[in-house]
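Going by this note's numbering, the sequence shown opens with residue 357, and the numbers climb by one from there. Beneath this line is the structure, given in structure tokens, with notes to follow.
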Amino acid sequence: MKKEYFVQYSDQSIINSFDFPKDIFVSISIGIRDITNDFIISLVQKMFSLPVFFVLESMIFGYEKETLIENNIPFYEFSSDGAIINVDSGEKLDLVSKLTEELVSNGLSVFIFHGKGIVEQDLIPSRKWQWNKPTVFFKNVDIYKVETFVDVEEVGFTLFSKNSLFNSPGKIPNYISSDYSLDINSSDI
């Protein structure tokens, strides 16, 4: 049986949890239980051309860093356990997607950026509490270089995009593997 997912316009609370210009980006939520690395790989391959940047806000288990080093995958380390990885090949995408799956299944967030002229050092995230909830800031990012930004969490993805190819929930299923089934009743389609 295929795993189901849903696609909706993001709730205002999700939109407000990121410091991005609300008038430039459309925000869409993709909900799925038990995110797997093949779901991540398929979504990235279908939506974007490489390179994309994965921002691992925390590699708290330690083996993530060791795995990157053992596989000769360069990364920009921005804190004691945070890393930014320029994913420019299928092999890197496979490995980093597996790490992403493990991190999000343990309640951590991973961010994916796609655009032109993005520099790793500009993708360092920070969190601040505003209005009694955490807000994620990417204060060094030139927002005009970012085409799409994805927040991967344990229960799905939030996609912030200015690309007209996926600027509505009805367009997103074109980029999801046919191994998954759309829950139309829970989707904004």
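Glycine residues also receive a C-beta, built at the ideal position from the N, C-alpha and C atoms.
Contact under 8 Å by Cβ, residue i with residue j
i: PHE522; j: PHE374; result: no
i: VAL363; j: ILE528; result: yes
i: ILE391; j: GLU457; result: yes
i: PRO525; j: ILE545; result: yes
i: ASP437; j: SER414; result: yes
i: PHE431; j: ILE416; result: no
i: ILE468; j: VAL506; result: yes
i: GLY471; j: GLU503; result: yes
i: PHE376; j: ILE499; result: yes
i: LEU455; j: THR423; result: yes
i: LYS402; j: TYR531; result: yes
Where residue i sits in the DSSP three-state scheme
i: LEU406; result: coil
i: LEU412; result: strand
i: SER373; result: coil
i: ASP507; result: strand
i: LEU464; result: coil
i: ILE380; result: coil
Identity of the residue in the options nearest residue i by Cα
i: ASP444; options: VAL460, LEU406, GLU422; result: LEU406
i: SER534; options: ILE371, PHE513, ASP394; result: ASP394
i: PHE494; options: SER482, PHE505, LYS501; result: SER482
i: SER366; options: ILE532, GLU476, TYR531, GLY512; result: GLY512
i: LEU399; options: VAL508, SER520, LEU459; result: VAL508
i: GLN310; options: ILE429, LYS421, GLN401, THR491; result: As displayed, the chain neither begins before 357 nor continues past 545, which places residue 310 out of reach and without an answer.
i: GLY446; options: SER543, SER520, LEU538, PHE404; result: PHE404
Neighbourhood of residue i by C-beta distance below 6 Å, restricted to the same chain and skipping five residues each side
i: VAL497; result: ASP478
i: LYS359; result: TYR536
i: TYR475; result: Note on identity: in this sequence residue 475 is Val, with Tyr being the wrong assignment. Contacts found: none.
i: THR514; result: SER366, ILE370, SER385, ASP507
Whole-number beta carbon distance between residue j and residue i, since they are thought to touch under 8 Å
i: GLY473; j: LYS501; result: 5 Å
i: TYR361; j: ILE388; result: 4 Å
i: VAL299; j: VAL460; result: Since the first residue shown for the chain is 357 and the last is 545, residue 299 is missing from the structure and cannot be characterised.
Cβ-based neighbour list, residue i, same chain, cut-off 7 Å, excluding 5 preceding and 5 following
i: ASN427; result: LEU451
i: GLU433; result: ALA439
i: ILE371; result: LYS378, SER383
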